[in-house]
Amino acid sequence: MVSSRCISIGSFAKTGGSALQLTAIRTIAALTAIVLSSIGCSRAGGAELRVPDGTPIVLISVDTLRSDRLPAYGYGGVKTPAIDRLRRDGILFERAYTHIPLTLPAHTSLLTGLLPPTHGVRDNLGYRVDPATTPLLQQTLKEAGYATGAGVSALVLQRSTGIATGFDFFQDDIEFKTTDVGIQSLQRPGAETLNVVRPWLRSVTDRPFFLFFHIFEPHSPYEPPPEHASRYPSPYDGEVAAADEVVGNLLDELRSLGVYEKAMIVFLSDHGEGLGDHGEDAHGLFLYRSTLQVPLIIKLPRGQRAGQTADYPVQLIDVYPTLVSALGLPIREDLRGTPLLAQPRPEPRDNPIYAETFFPRLHFGWSDLAALDRRPPPLHRRAPAGALRPPAGSRRNDQSDWPGARTGD
Ligand SMILES: [Zn+2]
């Protein structure tokens, strides 16, 4: 069942945050409401694909992974045989975008199907997912009879954020060994996360299950294992290769358990990485393609639509309705994403893709940024006059580097 009711977005920062943060957010609430109210509402026009009841669902998030640094998207600087194989078995979405280049808010959008102004999580720190007002994907699947489990690899996704609500099994309590980096970079190796998830995974393969598997390899600091560090001049590429190895081991585990073929597997990232583009090394400060575009591959059960490519724009909030719709479950009316597996393909969307970042305001007292992809018509932009300006020498944001929010002038 697909709802066609359209709602407007106008609520802000319902959860968490300091008084200073909330005050800052309220000052731009009206402007953001105006921007968001321009977003139309569309849903797929074709018949949605259905998978068998009880189909295993595996959601893999490789943090900080730029799509244009993967061979599946045309990059030649690194070998990723596991992701390549998954791409051959699935549908690759060429133009997938996050809504915010920060780990906790982006995963909150992924797992709630809601945009940041609605779920209210605007930063990694100082905010908490509120499951009382923001139902999560794992809660929906649990109510449908699924066993739900997760392994995460970053401190900013720990249970205390509220994002674990609805998981029967949530593994985040391993010792974080890195102590000389900022709290937002604290992580554990993906291989360790896989090892602590394996026993739960092996215990649920005789019934419907949902696994959310998150690894943090491509996130800074870039410290690939020696075998990858010695092979690639770019340590970021080395980390991508290390991530591919972990993903490959998970997929091999699914194969050995006899669930790979029948599973629906979603592979994506929560945001990209600046890698020096526009003067940004990491992510969170600006809104450019480098940090907003992400990989997205969906493998369907039993080889359906294997190797296909989708060239239309999609977004992280589409994942929730895509999974729910494929299972034949009702889609909540407040979900604004589009199920992506309709045939014929979903109608070209008439609602733009929204992105934002409050990181520069909350951490530096600069301007928050918001971006809307709407092409055609052209990009809408909003930032206070005289606010944060791009670093000297950076390219001005334009249609060649969509989407992004040009600053100030
Ligand atoms: Zn992240």
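In this text, residue positions in the sequence shown follow the working numbering: the first is 359, and each later residue adds one. Each residue gets a CB set at the ideal place from its N, CA and C atoms; glycine is no exception.
Beta carbon of residue i nearer than 8 angstroms to that of residue j
i	j	result
ARG427	TYR670	no
ALA505	VAL562	yes
THR438	ALA600	no
Nearest-angstrom beta carbon gap, residue j and residue i [assumed within contact, 8 angstroms]
i	j	result
ALA684	GLU406	7 angstroms
ALA464	HIS636	Going by Cβ atoms, the distance from ALA464 to HIS636 rounds to 19 angstroms, so no, they are not a contact pair.
LEU615	ARG560	7 angstroms
LEU727	THR715	5 angstroms
GLY507	ASP526	6 angstroms
TYR678	GLY471	3 angstroms
ARG453	VAL672	7 angstroms
THR551	LEU462	17 angstroms between Cβ atoms; not a contact.
LEU417	VAL624	5 angstroms
PRO475	ILE458	Their Cβ separation, rounded to whole angstroms, is 10 angstroms, which puts PRO475 and ILE458 out of contact at 8 angstroms.
Beta-carbon contacts of residue i that lie in its chain and below 7 angstroms, excluding the five residues immediately before and after
i	result
LEU609	ALA440, LEU444 and TYR618
ARG408	ALA684 and GLY686
ASP442	PRO429 and ALA430
SER592	GLY435
ARG517	PHE528 and ASP530
Close-in-space but distant-in-sequence residues of the same chain around residue i (CB under 6 angstroms, 5 per side omitted)
i	result
GLY448	ILE655, ILE656 and LYS657
TRP558	GLY507 and PHE527
LEU522	Leu is not the amino acid found at residue 522; the sequence shown has Ala there. PHE528, listed in sequence order.
PRO749	Only weak support exists for where PRO749 lies, its pLDDT of 34 falling under 50; the value from the coordinates is given anyway. Counting only Cβ-Cβ distances below 6 angstroms, and skipping sequence neighbours, we find GLY637.
ASP602	THR438, ALA440 and ILE441
Rounded separation between residue i and residue j - CA only
i	j	result
ASP692	THR680	14 angstroms
ARG565	LEU469	22 angstroms
SER627	PRO583	21 angstroms
TYR712	GLY642	15 angstroms
VAL604	ILE415	18 angstroms
TYR431	PHE568	27 angstroms
LEU730	PHE717	18 angstroms
GLY503	TYR433	40 angstroms
THR466	HIS477	7 angstroms
LEU633	SER648	8 angstroms
ILE768	HIS586	Here the chain has residues from 359 to 767 only, and residue 768 is not among them.
GLU631	PHE451	19 angstroms
SER588	TYR580	13 angstroms
LEU515	LEU650	19 angstroms
TYR455	PRO710	11 angstroms
LEU499	GLN701	24 angstroms
GLY524	THR491	14 angstroms
PHE644	ARG480	14 angstroms
ASN482	GLU611	31 angstroms
ALA621	PHE570	13 angstroms
ARG486	HIS721	17 angstroms
GLY596	TYR590	6 angstroms
ASN607	GLY695	31 angstroms
GLU501	SER425	33 angstroms
ARG613	PRO410	19 angstroms
8 angstroms Cβ shell around residue i - same chain, five flanking residues per side excluded
i	result
GLN662	LEU407
ARG556	GLU611
C-beta neighbour in chain B for residue i, strict 8 angstroms
i	result
THR696	The chain labelled as chain B is not found in the depicted structure, where only one protein chain is given.
Near ligand 3: residue i beta-carbon under 7 angstroms from a heavy atom
i	result
HIS721	What this structure holds is ligand 1, not ligand 3.
Requested in this report: Determine, using beta-carbon pairs with one atom in the segment 491-498 and one in the segment 658-667, whether at least three such pairs fall under 8 angstroms.
Outcome: no
Report task. Determine contact between the segment 508-516 and the segment 547-559, defined as no fewer than three beta-carbon pairs at a distance below 8 angstroms. Result -> yes
**Report entry** Inter-stretch contact (C-beta, 8 angstroms, three-pair minimum) for the segment 409-422 and the segment 569-584
**Finding:** yes
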